[in-house]
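Quick notes on the structure that follows.
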Amino acid sequence: MSDEKEVRFELMVWQLVIAVVVVMFVALIFGFWAGKTVGFSGGVDAVKTIIPDYCSINKQGSDITIKCNEVGLSLDEVCKITSEGFRSKVKVVSLSGR
51 MSDEKEVRFE LMVWQLVIAV VVVMFVALIF GFWAGKTVGF SGGVDAVKTI IPDYCSINKQ
111 GSDITIKCNE VGLSLDEVCK ITSEGFRSKV KVVSLSGR
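Each number in the working numbering comes from the position in the sequence shown (counting from 1) with 50 added on.
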């Protein structure tokens with residue numbers, strides 16, 4: 051019979067704690083790297099949009115304001131060309147998203 055020695059690996063508690071902390075730190079670094087590389091880090095600038103001629107966009111920092119006017123008339127001009135009866139029946143709603 052051959053002499054076979056059983057090799058045992060033993061870890062002390064402090065070695066196990068250090069191994070777990072190192073693995074968590076490496077996983078955290080990998081997660082940040084993967085998020086920056088694969089994730090949507092480009093934001094609004096990375097999105098390609100088609101903007102109609104009657105819309106205008108004002109971007110200041112992270113705030114984006116979009117104004118569209120399909121008719122091409124301001125509210126003052128609409129009031130000038132419509133009758134009093136029509137203005138009393140029509141309600142204008144302005145939507146503002148924040």
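Where a beta carbon is used, it is the ideal one built from N, C-alpha and C, also for glycine. Please read these numbers as outputs of a predicted model, since none were measured by experiment.
DSSP state of residue i mapped onto helix, strand, coil
i	result
Asp99	Residue identity check: residue 99 is Thr in the sequence provided, not Asp. Three-state DSSP puts Thr99 in coil, outside helix and strand.
Lys109	strand
Thr115	strand
Leu78	helix
Leu61	coil
Glu127	helix
Gly85	helix
Lys139	helix
From the options, residue whose alpha carbon lies closest to that of residue i
i	options	result
Asn119	Asp113, Lys109 and Asp103	Asp103
Rounded straight-line distance, which links the Cα of residue j to that of residue i
i	j	result
Gln110	Ile116	12 Å
Leu66	Val88	32 Å
Lys86	Ala69	26 Å
Lys55	Met62	22 Å
Ser138	Phe82	58 Å
Ile79	Val72	11 Å
Trp64	Ala84	30 Å
Met74	Lys141	59 Å
Contact check, residue i vs residue j, beta carbons under 8 Å
i	j	result
Ile101	Ile107	yes
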